[in-house]
Structures are given as structure tokens and as C-alpha cells.
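Input: a single structure, listed below in C-alpha cells.
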Amino acid sequence: MGSRLTLDECFNLDPQTAKRLYSKHINPALMNIYRSLGLANMDVESAEGMEILLGDGTSVLDFSAAIGVVGLGHNHPRILAAERRCQDEKILDAIKVAPHKLQGALAHNLAAILPDPLSVCFFSVSGAEAVEAALKICEKAQGPKKTKFITTSNSFHGKTHGAMSITRSGGFHRGFLMGIPQENVIEVEYGSLASLRQAIESPPGSGPGNDIIAFIVEPIQGENLSEGAHGYLEAAVELCRGNNILTIFDEVKMGMGRTGHFCSFQAEDVVPDVVTLSKALGGGKRAIGAMVSTPELFERAYGSRQDCSLHTSTFSGLGSSCAVAIEALNVYFEEDLLDHARVQGEYLRSQLESLKDIHEGSILELRGRGLIQGIRFNFGRHRFDNMIDTSKMGVFKTVDSAFMASVIRDLFERHHILAHFAPSAPDILHIMPPLIVEKEHLDRFVDAIDDILQRGFIRTAGDFLKGNFKDLLGS
Ligand SMILES: Cc1ncc(COP(=O)(O)O)c(C=O)c1O
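Set out below in C-alpha cells:
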């Protein structure tokens with residue numbers, strides 16, 4: 001118990017108090033990680049477009065886009081106008097006993113954008129919830145005789161019980177029961193048709209005929225930015241269809257124009273049975289996701305009066321969230337952001353290729369496309385590759401994480417650029433700016449990486465240790 005803060009006091013919290021409250025009431029261990037990355041003291045005043053503005057006047061270039069949420073940049077004027085309109089017109093946000101017109105309208109717009117027959121939507125408030133809805137619609141439609149899902153190695157689909165049980169990266173299941181028992185989940189090698197075929201034709205522990213409900217896959221993997229060879233998705237869907245297995249493409253991270261297509265799977269001539277979207281769908285302001293399926297699948301799963309409300313949720317499709325998502329989608333197309341992402345992505349790749357040539361040995365590989373790209377650094381462990389399999393040894397992952405943390409800290413402190421990496425693939429720096437990024441921002445980012453590589457990882461890591469030491473003394 002204690003005294004409550006007013007909204008005014010909350011908006012004006014000093015950085016030290018803000019840090020203390022987060023540590024005490026939210027997550028102290030996570031706070032320590034932010035501290036070691038040099039990000040705990042960020043005294044954010046406001047954010048606009050590509051920039052986060054700090055209290056001391058520093059402008060930070062956002063190359064992480066809240067891991068995909070901020071597709072249109074911070075506080076896009078048309079998103080703010082949509083929010084304002086909802087408030088000025090006092091729109092009805094929540095109604096649970098009658099249909100909301102904006103839900104149907106948003107679903108209509110998504111259907112207009114996505115390839116046929118993807119046209120029936122369930123709105124969630126998160127990506128994991130969209131994945132849950134996808135698993136459930138497939139399970140219900142396939143009936144009780146089918147009991148298994150196929151997932152891929154290194155996948156990430158969220159941290160709710162069901163989504164976590166088909167996630168394979170990051171060890172996120174540590175200490176939890178699995179929502180879907182693991183005997184009901186088959187893992188195949190990501191990108192390998194042979195592995196998928198084998199799982200379908202001779203699934204472990206099954207009798208004749210397959211009992212597989214659906215195959216879920218990220219068209220580009222969000223953690224390590226791997227993708228299958230061109231044609232993988234098309235062949236996988238064909239193989240699944242031939243065996244009465246449904247397909248779910250999880251586009252929560254890669255969708256919404258990031259790769260230069262609305263969904264990343266649209267680089268191929270293929271349509272799955274279900275697509276999941278979220279993150280940037282809410283224009284950076286609203287928590288909303290979508291599970292989009294087909295009329296035929298919806299009819300099979302929830303088509304009867306008895307079953308039509310088997311999968312619903314309280315906050316599904318609030319009026320303002322739908323309004324903002326409708327406007328976000330319109331901005332993507334009216335401002336040609338898909339083409340922009342493709343063109344800027346190509347420019348970024350050409351600059352990164354040049355950097356790779358200059359710093360031969362420090363950059364092992366470039367991954368991704370459009371405005372989700374990754375630089376795989378060589379922090380030194382590959383020197384041991386012909387003696388041992390370093391990828392399987394935790395100690396090397398820890399060393400990679402420490403080097404990558406030093407790169408993130410340096411980017412922030414010396415270059416005022418915010419970037420991130422996935423701890424499950426700690427040698428890959430993610431480049432994920434809002435889609436409004438311009439050439440000059442990309443040049444600034446590439447110059448910063450060039451500078452870090454010229455100084456060398458060892459010196460950057462030395463500065464990192466010094467910075468952490470100072471933080472420890474100061475806290
Ligand atoms: C591919 C993918 N699926 C699902 C999720 C889960 O989304 P959320 O964190 O909104 O639950 C994520 C989150 O990063 C994701 O990248």
C-alpha cells in the first residue's frame with residue numbers, strides 16, 4: 001500500500017524514480033539487462049517518425065521499431081488523427097452483445113489486401129493470441145481424429161501456453177507445462193521439404209494414415225532471420241494439401257509490408273489456409289492482431305449456431321483499435337510503403353555487402369530482405385569450428401551475447417541508434433527500422449557499423465565493460 005501518483009506525476013517522473021519503479025514493480029532482472037545494454041537510463045520525452053527524443057535533447061534513431069510494432073514510425077500524423085477522431089466522435093469502443101461495424105470493415109479491408117480466399121478474421125490483442133486462434137480453428141475443423149501439429153526448428157510463435165508449445169527457439173518453455181503436449185507436436189527442420197515429407201509420411205508414433213492437423217511456419221524466421229529456398233513454401237503447402245493437412249503462415253513479425261510484400265509469403269505464388277498478423281497492424285498505437293482464414297475453414301470449424309462462439313475474447317476488435325488498424329492499412333498503401341520498403345531494403349543490402357567486403361572476416365553473412373535484415377558477426381568463435389561444434393556450446397553463446405551487447409551499447413551511446421538482437425541467435429544484429437526510413441538514416445546506420453568494425457570488437461567490448469562497471473558503481 002502507498003500513495004497513488006496522479007497522471008501528471010506519472011508523465012513527469014524523473015529517470016531515477018522511473019527506473020526504481022520498473023525494477024521494483026515490473027521486472028528487476030530485465031532491468032539489469034537493460035542496464036548492461038546502456039538502455040536503462042533512457043529518459044524519453046517523446047517519439048516522432050524515426051526518432052526517439054530524450055530529455056537532454058538527444059535524438060535517437062530507432063532501428064528496432066519496437067521489434068516491428070512501429071511500422072509507420074512513431075506517432076504517424078494519420079494514426080494520431082484517427083485516434084483523435086475516435087475521441088472527438090465518442091465512438092462506441094466495446095459492445096459484446098451486437099456486431100461492431102468497424103470489425104466488419106477492418107476484416108473487409110484485410111480481405112481486399114490478402115490473396116483469395118483468405119477473408120474471415122478473428123481479431124486478437126497480441127500475436128500469440130492470433131496464433132492460438134489459428135491453432136484452434138485448424139484443430140476444430142479437422143475433427144477429433146487428428147491430434148498433431150507440425151512445427152519447425154528454431155521457430156518462434158509466442159509465449160502463451162499453446163503458442164509456446166510449438167515454439168522451438170530460445171528455451172522459452174523452461175519451467176512451464178506445455179499447453180499442447182509434446183507428443184502432439186512434431187518438429188521438422190526449417191526449410192527442409194524432405195524433413196516435412198518424412199514427418200508426414202512416417203510420423204513418429206503413428207499408425208497408418210496421418211493424424212496431423214496443421215503445419216505452422218514463419219515464412220522468414222523472426223529469431224535468426226533464416227528463410228527457405230524460393231519455392232519451399234509453395235511445395236510445403238502442396239505437400240500438406242495432398243495429405244489433408246492445413247497450413248498456417250505466421251506473419252506476426254514479417255507481415256505488414258516489412259519485406260516489401262504485404263506478407264512475406266507473397267514473394268511466392270502460394271496461399272496458406274490461415275495467416276496470423278499483429279505488431280504493426282495497430283499503427284504503433286493499438287494492441288491488435290488478426291487471424292485470417294478462409295470461409296470454407298471457418299464454416300468447418302465454427303459454422304454452426306452451437307459452435308460459432310467457441311473462440312471469442314473480451315477485447316477482440318475494440319472500435320478504436322479497428323479504426324486505427326483500418327487507417328494504418330490505408331497509410332501503407334496510399335504512401336506506397338511496400339515499394340519503399342523494397343527499394344530501401346535493396347539499398348541497405350548493397351551498402352551492407354560493401355561493408356562485408358571491407359571488413360572481411362568480421363561479417364560472416366547477411367540475412368533477411370526489405371527492412372528486416374540481419375548482420376551475422378564473427379565474434380571469434382568460428383576459429384574453433386574445425387575442432388568442435390561451437391554452435392551447440394552455451395559458453396560460446398554467452399560470449400557472442402556479450403559481444404553483441406557491447407555493439408548495441410556502442411550504437412546507442414556513441415551513435416544514438418537503437419537496435420536489437422534475439423538472444424537465441426546472439427551473433428545476428430537485427431536491422432528493423434520503421435518503414436518510413438530514408439536513405440540518409442540507412443547511411444547513418446551503416447556508417448556506425450563501419451565505425452564499430454574499424455575500432456574492433458575487442459575495444460568495443462572493453463568500453464562495454466567500463467560502462468557496466470560505471471553503472472554498477474552508480475546504482
Ligand atoms: C512470428 C511471431 N509469432 C508470434 C509472436 C507473438 O506475438 P506477441 O508477442 O504479440 O504475443 C511473435 C512475437 O514476436 C512473432 O515474432
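For the record, in the sequence shown the residue sitting at position 456 is 456 according to this note's numbering, with numbers rising by one throughout. Glycine included, C-beta positions come from ideal geometry on N, C-alpha and C.
- Note on geometry: alpha-carbon atoms of S46 and I150 lie some 43 Å from one another.
- For E187, the uninterrupted beta strand (DSSP E) run begins and ends at V185 to V188, by DSSP.
- Comparing alpha-carbon positions, the option among I326, D269, G55 and D336 lying closest to L102 turns out to be I326.
- Across the structure, V69 and A130 are spaced so that their CA atoms are roughly 15 Å apart.
- G158 places its beta carbon 8 Å or farther from that of A134.
- For secondary structure counted as the alpha helix (DSSP H) over 4 or more consecutive residues, the region 45–129 holds these complete runs in sequence order: 65–68, 77–88 and 101–113.
- From the listed residues R258, V97 and E360, the smallest Cα separation to F63 is found for R258.
- As the crow flies, the alpha-carbon of I137 is around 8 Å from that of Y302.
- When DSSP states are grouped into helix, strand and coil, D400 belongs to the helix group.
- Placement of the Cβ of K136 at a distance of 7 Å or more from every heavy atom of ligand 1 is found.
- Runs of the beta strand (DSSP E) lying entirely within the region 311–388 and spanning at least 3 residues, in chain order: 363–369 and 372–377.
- In this structure, the C-beta of F149 stays at least 7 Å away from each heavy atom of ligand 1.
- Put simply, of F176, R376 and R35 the residue whose alpha carbon is nearest the alpha carbon of I449 is R376.
- Apart from sequence neighbours up to five positions away, the residues of its chain that approach F298 with a beta-carbon distance below 6 Å are V120, ordered along the chain.
- According to the DSSP assignment, T17 belongs to no beta strand (DSSP E) but to the alpha helix (DSSP H) extending over P15 to H25.
- V237 is bridged by DSSP to nothing; it lacks a bridge partner.
- Per DSSP, G289 is not a residue of any alpha helix (DSSP H); the beta strand (DSSP E) it occupies stretches across G289 to S293.
- Proximity to A107 across L277, V395 and G361 peaks at L277, based on C-alpha coordinates.
- Residue environment: F445 is assigned as buried (16 or more neighbouring CB atoms within 10 Å of its CB, all protein chains considered).
- The Cβ-Cβ distance between R35 and D471 falls below 8 Å.
- The region 227–240 and the region 190–199 touch, with three or more beta-carbon pairs separated by less than 8 Å.
- In this structure, DSSP gives D463 a helical state, which the three-state scheme calls helix.
- Collapsing the DSSP output to three states places V437 in coil.
- The region 264–283 makes no contact with the region 49–56, as fewer than three CB pairs between them are under 8 Å.
- Relative to ligand 1, the nearest heavy atom lies less than 7 Å away from the CB of D250.
- Between M404 and the set R459, A94, H311 and V44, the nearest pair of CA atoms involves R459.
- Judged by their CB atoms, S155 and Q198 are not nearer to each other than the 8 Å cut-off.
- Rounded to whole angstroms, G162 and D357 show a C-alpha spacing of 44 Å.
- Counting along the chain, I166 sits inside no beta strand (DSSP E), nor does DSSP assign it H or E at all.
- C-alpha of N41 to C-alpha of A18: approximately 9 Å in a straight line.
- In this structure, ligand 1 has a non-hydrogen atom nearer than 7 Å to the beta-carbon of G158.
- Ligand 1 never approaches E438 closely enough for any of its heavy atoms to be under 7 Å from the residue's Cβ.
- Rounded to the nearest whole angstrom, the CA to CA distance from L371 to S321 is 25 Å.
- By the C-beta density criterion, A94 is exposed, having fewer than 16 other C-beta atoms within 10 angstroms.
- Contact annotation: the region 331–340 touches the region 249–257, with at least three C-beta pairs closer than 8 Å.
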